Amino acid sequence: MKRIWLGILVLLLFAAGGCQKQTEKTDTAPIVVGFSQLGSESSWRIANTQSISEAAKAYGYDLMMSNANQKQEKQIAAIRSFISYRVDVIVFSPIVETGWDNVLTEAKKAGIPVILMDRMIETDDETLYTAFVGADCYLEGRRAGDYLLRWADVQAKPHYNIVELSGTVDSTPMRERQHGFMDVIDGDARFTVLESLSGDFLRSKGEECMKELLDRYSADQIDVIYSHNDAMTLGVLDVLQARGIEPGKDIMIISVDGEKAAVDALKAGKINCIVQCTPHLGEAVMELVTALKQGNEVPKISYPDEKVFSDFDDLTAPSVEGF
Ligand code: GZL
């Protein structure tokens, strides 16, 4: 019952556009986690939000969640609200890597630890965040490149043209998935990257990018599509199939995430490889929160285990499943 009243108080404080400074916390007060989620742009993000919410509930922590709808300024405002409310821990997924030093300096001065979840920040001051938990996107990019090399060796053609659909510009997954992929193919004369367009991790923009590319290149000029997330890839499939182009056969497709609709398309032969990126970070985040509140050391960087699913695998295996 007490928690319900605290929840109502939290909502009233937020509704009033601000938060009262809390008096000193009692040891029995529930831990309050301020969580700034960057948006709802993909199934990955929806699953990620659910994971954080469910884990907070399971741990008995009060979650103050704010959805920034893809706006960095809304994330910054939310973090400032968490500071004024004096939450115990701030968790956020930075939509882009830059522009966080000022607000995170305010959190540091307030003595509130910050956990980066899913995406990293670019800063000269590593003390502005206590821990990062999320994918190693550089490794994901390398895994996409490794699949391409293996596939190209089997095709045994002398040359391949690649187009890339990248995620949100200056976000960690966009930068690192591109970096890892390009490092693998760098120096291999068989590969030419014709173009890289940003689809912002959105299905609708993935469609737009594919239409734009097919305005510039004929289908037989494109051998490979490397798409930074399944949402954009599903948009690509819609466009290709509408034009009678067989995805996974006429054009090889590598995607990232592993949402159910994409894994189903993989099993149907429409996608050739999916580099898994798990959205299920809630448990790991709340483990870090618990350790911090107990005064324990925490690892600066934590990566989840992730897999690669491809047409080189037995796709009927139960382990090949989407989120
Ligand atoms: C990955 C995450 C990315 C997903 C996209 O770490 O930040 O953002 O790959 C999501 O689906 O939009």
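For any residue, its number in the working numbering is found by taking its place in the sequence shown, counting from 1, and adding 22. From the three backbone atoms N, C-alpha and C, an ideal C-beta is built for every residue, glycine too. No experiment lies behind these values; they were computed from the predicted model shown.
- According to the DSSP assignment, glycine 56 belongs to the beta strand (DSSP E) that extends over 54-59.
- For asparagine 91, the CB contacts under 6 angstroms within the same chain, skipping 5 residues up- and downstream, are Gly61 in chain order.
- Proximity of the beta carbon of glycine 156 to ligand 1 is indicated: a heavy atom of the ligand is located closer than 7 angstroms.
- Boundaries of the alpha helix (DSSP H) around leucine 171: 159-177.
- Between asparagine 70 and aspartate 158 the beta-carbon gap is near 16 angstroms, outside 8 angstroms, which marks them as no contact.
- When the five nearest sequence neighbours on each side are left out, the beta carbons in the same chain lying within less than 6 angstroms of the beta carbon of serine 277 are those of Ser249, Asp252, Thr255, Ala284, Ile293, Ile296, in order along the chain.
- Between isoleucine 137 and the set Phe57, Ser226, Thr300, the nearest pair of CA atoms involves Phe57.
- Burial is judged here by how many other beta carbons sit within 10 angstroms of a residue's own beta carbon; valine 54 has at least 16 and is buried.
- Taking 8 angstroms as the cut-off, the beta carbon of tyrosine 182 is found closer than this to the beta carbon of arginine 212.
- Glutamate 186 and serine 226 do not touch by the CB rule: their CB atoms are close to 18 angstroms apart, not below 8 angstroms.
- In the displayed model, phenylalanine 213 falls within a strand according to three-state DSSP.
- For methionine 232, same chain residues with a beta-carbon under 6 angstroms away, outside a window of 5 residues either side, are Val258, Val261 in chain order.
- When distances are taken from the beta-carbon of cysteine 299 to the heavy atoms of ligand 1, the shortest one is below 7 angstroms.
- In the three-state reduction of the DSSP assignment, serine 103 falls in the helix class.
- In this structure, the C-beta of glycine 189 approaches ligand 1 to less than 7 angstroms from one of its heavy atoms.
- Look at tyrosine 248 here: in three-state DSSP terms it is strand.
- Apart from sequence neighbours up to five positions away, the residues of its chain that approach aspartate 110 with a beta-carbon distance below 7 angstroms are Ile53, Val54, Val55, Lys315, ordered along the chain.
- The segment 195-210 and the segment 232-246 do not touch, with fewer than three beta-carbon pairs separated by less than 8 angstroms.
- When secondary structure is reduced to three states using DSSP, isoleucine 143 falls in the coil class, being assigned neither helix nor strand.
- Note: methionine 274 is bridge-paired with Val246 in the DSSP secondary-structure output.
- Spanning the alpha carbons of alanine 51 and isoleucine 74 requires a straight line of approximately 20 angstroms.
- Residue pairing by DSSP places cysteine 295 opposite Ile276, Ser332 in a beta bridge.
- Residue state for asparagine 91 is assigned as coil, using DSSP reduced to three classes.
- Distance between proline 340 and phenylalanine 331, taken at the CA atoms: about 12 angstroms.
- Not one heavy atom of ligand 1 sits closer than 7 angstroms to the Cβ of tryptophan 122.
- Secondary structure note for alanine 153: its beta strand (DSSP E) is the uninterrupted segment 153-155.
- Inclusion of leucine 310 and valine 155 in the CB contact set at 8 angstroms is warranted, their separation being smaller than that value.
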